[in-house]
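Below you'll find the structure, written out as structure tokens, and then a few comments.
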Amino acid sequence: MSALILISVLGVVLLYLGFGDNRKWLAPVGILGLLAALTMLLCNWNVESPLFAGMLKFDGYAMAFDMSLILLTVLLFLFGIDYYARMRENVAEQYALMLFSLVGGLMLTSFTNLLVLFLGIEILSIPLFILAGGKRDSFRSGEAAFKYFLQGSFASGFLLLGIALIYGSTASFDLATVQAAVGTSAGQGNMLMLLGLFFTIVGVSFKVAAVPFHFWNPDVYEGAPTLVTAFMSTVVKTAAFAGFYRLIEYMHLPGAVQTMLVVVTVCTLFLGNIVALRQTQFKRLMAYSSIAHTGFLLIIFLGISERTSGVLYYYLTTYSIATVGLFVVLTLAKRAAKGDENIRIFRGLFRSAPWLAIATMLLLLSLAGIPLTAGFVAKYRVFALGIEAKLRGRHGFRGSDGAGGHLLLRHGDPGSLHPQRARTAIGGGARELARALILRRGCGVAGAAAGVVEVGSTPSPSAGSPTDEVDQPCFSASLLFLYPYAK
Amino acid sequence: MVMTDLLAVLVPALPLAGAVLLSALRRKFSATVAGSIATALIAISFVATVILFSGFDTAAGGRTVRVLDWLSITGMDIPLALRIDALSLTMMLIVTGVGALIHLYSIGYMHDDERAPTFFAQLNLFSFAMLMLVMGSNFLVTFIGWEGVGLCSYLLIGFWYTKPDYNYAARKAFVMNRIGDVGMVLAMALLFHFLGTLEYTAVMENAHSIPAWGLLAITLLLFFGATGKSAQIPLFTWLPDAMAGPTPVSALIHAATMVTAGVFLVVRSSVLFDLVPYTRDVILWTGTATALLAATIGLFQNDIKKVLAYSTVSQLGYMFAALGMGAYSAAMFHVTTHAFFKALLFLAAGSVIHALGGEQDIRKMGGLKGSIKITFVTFFIGTIAISGLPLMSGFFSKDLILAHAFQHSPVAFGLLVFGAVLTTFYMFRLLFLVFYGTYRGKAHAHESPLTMTVPLMVLAVLSVVGGALNLPHLFGGHEPMKHFLESAAAAIRSEEIELSASTEWILMGITAVLVFTTIAFAYGRFVKRTTLEGDEADMPLLKRLIAQRWRVDELYAALFEKPYGWLSEHFHSIGELRIMVPLQNGVGEAALRVGNVVRKLQTGNASFHLLAMVAGIIIFLVITLLSN
Amino acid sequence: MNEGIITAIRVVPLEHYVILSFLLFSIGIAGVVFRRNTIIILMCLELMFNSVNLLLTAFSAYHSDPRAQVFVFFIMLVAAAEVTVGLAIPGDDEAQRG
Amino acid sequence: MLAFFYLFAAISVISALIVVSARSPINSVIALVVCFLSIAGHYILLNAQFLAMVHIIVYTGAIMVLFLFVIMLLNLNKATEPMKTLGTRVAAVLAGGLFFLTLMAAIRHGINITPANEFDPGVGLVRSVGLSLFKEFLLPFEVSSVLFLSAMVGVVMLAKKEKVVVPKDGVEPSKA
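Chains as they are written, first to last, in the working numbering: chain A, 459 to 945; chain B, -19 to 608; chain C, 28 to 125; chain D, 24 to 199.
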């Protein structure tokens, strides 16, 4: 709780710092403050008592996700030092808004009341609406902000309708009460409850960009400033999923809602992966990749067991680390290519900046889920869970299997690695620039890359017990799923 | 870890280390230094392999070295493990031994290339991948090597990437290999489905518990995978094009090692194949057809390396024919001798090309036997070895296959003998046109440096005496290689030739007579009076068809490339541009163009997205309500 | 007056309120999709929020539970904040091309 | 009393329809004000006095004025809004209509819930709502300050840009 307060205050402090000409202090102060908040958070480890009349509960689940969220924000602030270096105005505001948004994220990880869920989502979103429009000279940015706002508010309407209907049938906003009520036979048969759950899930699905509530995703990713896009695809996504899972974790969802989740999952997997095929803008590609990853994460929700939250956490963390790294790379490459965001700017990266290219490759490999990277283990564990939940071929998930990642790899990568195309898009002077930048920021990327590999190479501890009943066709299928990456 | 285990790990680890080291420091090293390092590492691997080999006890059957737990999740246990048994040792000896010679040769051959360190790094990487392929203790590790060699082959074929043709060849090789790989992956998936494991030992022990259709599917798919790597019908067209790579690459990858991976895979899985006679028939006839088809094409090729490439395809056809007849050890024997003499031929051809400053057209050669003596002698030895002149290594291995064929199916025997005759003809045509007669080119021929000729000499000796490895009873031997391999693949035990000694002598006699007659014919045709092929347009139809390689490439283009290109083009132009794009952002784009003036406060495609959202919600709501 | 209101809660069936809210919500949806004017779209969003407010208040009265009314209070807060932001964004957009 | 309900319901539905369909933004705003007032009437029927007041203050008093202000300030009160294509309009009506019909179909057998508490005439008065707000919902109340803070910061940030673009002579850019 004190972390929540500290971060809110930190935002205000940064705003005041922004009044003077103290721009270079912003990120350090922000990072120090975040680390302090993290410490406070950790001091309260295992204090699981609900706070404020059961509005928030900082249990292990919330702690883990909060930690991840704060660290990701720290990483993004580090990124921000360079990113905002040549920006004149509104830097303090942007940092502050990210912190406010983070507060919303922290509420989402720990809410125990539907009102806090709603407020959390709003506090998470409203700064984002503004941040997405933060690029001054870009029409697309403003448009992205507006689209995001419009669709976000629209989705909020559905979320509210859902919460209202749930309240109507249970007379409570308390998560535990609602969850208990859903489990009873009266709750199962109640039409209001069914509609309420439906709309609540629709509302939250919007935040995680599940099909068909994903439309904002590509436009906003493309239009928003890169740092904000990185923030959205990591912190926001993690928080939204944490909230989503918290919402339905103990619920015994009615079969009909389950069916709808399944349909959403399948649609998300297919659309995310297929549409990624033709994307040439890096950010749009990342957006569709993010949608595809949403699909994977939704698989987890289809069969919830006591290990689900661990897998969710693992997947989101690895995904986020890789994503942050890639956006840093994008910023570097984009700068060298004078603002171009087409994936062709990665061509010849290996020539001009071999280590950066290798780091990029690792990050992409991880996103694509290639063996020996964290992304692979994460996907693998998702599948393992899905299989346990007996979801197998019935739903045809494997048809689309992260092809998005594969495409990402295909589009982004061979160009950067094959010498044949090494005649650079990043020409001579730009190449020096890239070098200089890499010296400065490279450690960040390398750190992220190392994280990816390191997390990936230690899959065993909680990777799952072999005693579980296993269905071999599914594993054969997952071998198939290895196939596209086997290049 | 036991000493032998350590050695076993060392064998693939050294080339890998070399690959990493050389690519990291590729700017620091000169060609010679890089080459020496690469060669030394692979040579040490060879020594390690020899030590392993000498300490190997056939009675024990082989051991598995578990390097690390790789995938061990929920019932799926696939370790990264190496298997040391007779089969992998044989292949390891070939890969590291012949590999070391070719590395050595490359020092001279690549001397002037500024990217030589990269070349050696990739060559080392290839050796690593090939070793993983043959040493893997389960299908997945093999598959890693399998993909690795494909990748290295791609990189090395396209090594001189400035020429678009070469890149095309590299891509073609890669794509063809990938098509085959689908088979391999599906086979693996099926195996896992039925047995829950991919370990060779476990698979082979439990093979009989797989239902018949499963076995049929698995073996056919594995074979399909093998056709990709080993350039069999229908996936053989990449190999001749692969000659775009530097000649040592052709020798190592596209003659001695990688292309035999398919043979290796089938022998590795021989237990499965023995259970499905139908698949074996498919393999036999595919092999025979490939052997003949490639041999005919070889008759009229004018590029020295293309002739050798078709000859390789043809010889691989022999190996597969042998596999189809269940003569696994005969196939492995041919793999071994072929590695010797085909590597020799390629390297000698490389030496010729080197001597002539890059000329590959045999119409512009001739009369070289005086100027480059060592090359000539070694090439000569290679030629008689591949033609199967009595007592040469190729003689023994080919005759073994022919004997099996005679016993198995006289038709196959006849076709294969005919193939052997064709082989003799085109090989001697090549020999005569290159080394005899008068010189028809302009460059000044000079003998290659010692680093190139030494490997030639070593390989020449091996090509001559290689037959001793599996000396048949007829010649007083006791087929040591067959007995050695028996410990790895039980199926080999049942592979006996039940022909009487006299029949065998007669068969050998017939082949020998045919071979000698052919040589005489070729001598008359190409030495007495040098007959050069004219323009394709003047040839009679059949000959033209052959010279145009039976137009297989064109057939594939018409059958697959064009329809596929058409499909993707139209999917793109109609599906993508007219449907998907408008759906995705078309409304917005249109608004952007049409309504720039009135755009002021309008929301563009946002409302379309909202509409789609509402539609989605309604549909899902209906689904939810209906399923309630 | 108070008596009359109390009877109102008893007399008007809850279903009526639910249907009314659904109707207003649907009109809001149609409006959001229907209109191009940003400000009117914002108003339609407000309409959607208000239909939810009405629904919650009706439930609150029916359950005799003030918490839903507190929730409505928060929805109003959020709606106010959202409208401000919403109006600022296209205003910004406007400035860009003005 | 039922009559009052029907009266307010009719007013709110009709005015809502006008909001959606009016050509002039001003008319929409006026209709929305009427709609909100009728919703306030519903609140009073439901004995939610506190909400009724807050509703009128916040919506009719603040938000709607803000709308009017923006419309007047930006001079948007021309019925110049280019209408969408017929297809979109039909689709919009269909979307709303189908959505409503589906929901109606879902609750066609009644909503089937029972009151959680005995009827309490005090619920909905300022006292009960206030107690609930400052006891149980204190945290959300506090946290919502972050929401407002970020909205405020954001709006200022976005609005600050205008000074960059407005020409030096201070003439409002043409809105044509």
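For glycine and all other residues, C-beta sits at the position ideal for the given N, C-alpha and C. Note that the structure is predicted; figures quoted are calculated from it, not measured.
Inter-residue spacing [alpha-carbon to alpha-carbon] between residue i and residue j
i: A/Gly641; j: A/Thr658; result: 17 Å
i: B/Ala150; j: B/Leu411; result: 28 Å
i: D/Val179; j: A/Val561; result: 20 Å
i: B/Leu166; j: B/Ile198; result: 8 Å
i: B/Tyr416; j: B/Val357; result: 12 Å
i: B/Ser331; j: B/Thr355; result: 7 Å
i: B/Val293; j: B/Ala192; result: 31 Å
i: A/Gly854; j: B/Ile58; result: Here the model assigns A/Gly854 a pLDDT of 36, short of 50, so the residue's position is not dependable, and the following value carries that caveat. Taking the straight line from one Cα to the other gives about 25 Å.
i: A/Val782; j: A/Lys837; result: 18 Å
i: A/Gly914; j: A/Tyr777; result: Confidence at A/Gly914 is low in this model, with a pLDDT of 37, below 50, so the placement of that residue is unreliable and no value is reported for it.
i: B/Leu32; j: B/Asp(-15); result: 9 Å
i: B/Ile366; j: A/His751; result: 56 Å
i: A/Val787; j: C/Tyr89; result: 57 Å
i: A/His869; j: A/Leu743; result: Because the pLDDT of A/His869 is 37, which lies under 50, any placement of that residue in the model is unreliable, and the question is left without a value.
i: B/Thr276; j: B/Thr70; result: 31 Å
i: B/Thr317; j: B/Ser377; result: 7 Å
i: B/Ala400; j: B/Ala470; result: 30 Å
i: D/Leu117; j: A/Met651; result: 26 Å
Beta-carbon proximity of residue i to residue j, cut-off 8 Å
i: B/Ala241; j: B/Phe326; result: no
i: B/Leu402; j: B/Phe393; result: no
i: B/Val246; j: B/Leu202; result: yes
i: A/Val769; j: A/Leu653; result: no
i: B/Pro(-8); j: B/Ile22; result: no
i: B/Ser68; j: B/Met112; result: no
i: B/Leu252; j: B/Leu196; result: no
i: C/Ile54; j: D/Leu40; result: yes
i: B/Phe321; j: B/Gly362; result: yes
i: A/Gln739; j: A/Asn675; result: no
i: D/Leu89; j: C/Leu114; result: yes
i: A/Leu472; j: A/Val487; result: yes
i: D/Tyr66; j: D/Leu55; result: no
Start-to-end residues for the alpha helix (DSSP H) that takes in residue i
i: B/Asp254; result: Ser250 to Leu255
i: A/Thr738; result: Element bounds for A/Thr738: n/a, residue is neither H nor E.
i: B/Asn186; result: Tyr180 to Asn186
i: B/Lys143; result: Per DSSP, B/Lys143 belongs to no alpha helix (DSSP H) and is neither H nor E.
i: A/Pro486; result: Arg481 to Cys501
i: B/Gln528; result: It is not in any alpha helix (DSSP H) - B/Gln528 carries neither H nor E in the DSSP assignment.
contact_flag[the region 669 to 678 of chain A, the region 710 to 729 of chain A] where n(CB pairs < 8 Å) is 3 or more: yes
Contact set between the region 585 to 603 of chain B and chain A, restricted to residues whose Cβ is under 9 Å from the partner: Asn585, Ala586, Ser587, Phe588, His589, Leu590, Ala592, Met593, Val594, Ala595, Gly596, Ile597, Ile599, Phe600, Leu601 and Ile603
Contact list for the region 70 to 85 of chain D against chain C, Cβ threshold 8 Å: Asn70, Ala71, Phe73, Leu74, Val77, His78, Val81, Tyr82 and Ala85
Chain-ordered residues of the region 161 to 181 of chain D with a beta carbon less than 7 Å from chain A: Leu161, Leu162, Pro163, Val166, Ser167, Val169, Leu170, Leu172, Ser173, Ala174, Val176, Gly177, Met180 and Leu181
Given 8 Å, three or more beta-carbon pairs between the region 511 to 522 of chain A and the region 564 to 576 of chain A: yes
Contact list for the region 84 to 112 of chain C against chain A, Cβ threshold 7 Å: Phe86, His90, Asp92, Arg94, Ala95, Phe98, Phe101, Ile102, Val105, Ala108, Glu109 and Val112
Touching by the beta-carbon criterion (3+ pairs, under 8 Å), the region 72 to 87 of chain D and the region 102 to 109 of chain C: yes
Contact between the region 68 to 78 of chain C and the region 35 to 55 of chain D (3+ Cβ pairs under 8 Å): yes
Touch test, the region 76 to 92 of chain B against the region 117 to 130 of chain B, Cβ-Cβ under 8 Å, three pairs minimum: no
Meets three-Cβ-pair contact criterion under 8 Å: the region 312 to 321 of chain B and the region 335 to 355 of chain B: no
Near-chain B residues of the region 638 to 664 of chain A (beta-carbon distance less than 7 Å), N- to C-terminal order: Leu652, Phe656 and Val660
Contact list for the region 594 to 619 of chain A against chain B, Cβ threshold 9 Å: Glu601, Phe604, Lys605, Leu608, Gln609, Phe612, Ala613 and Phe616
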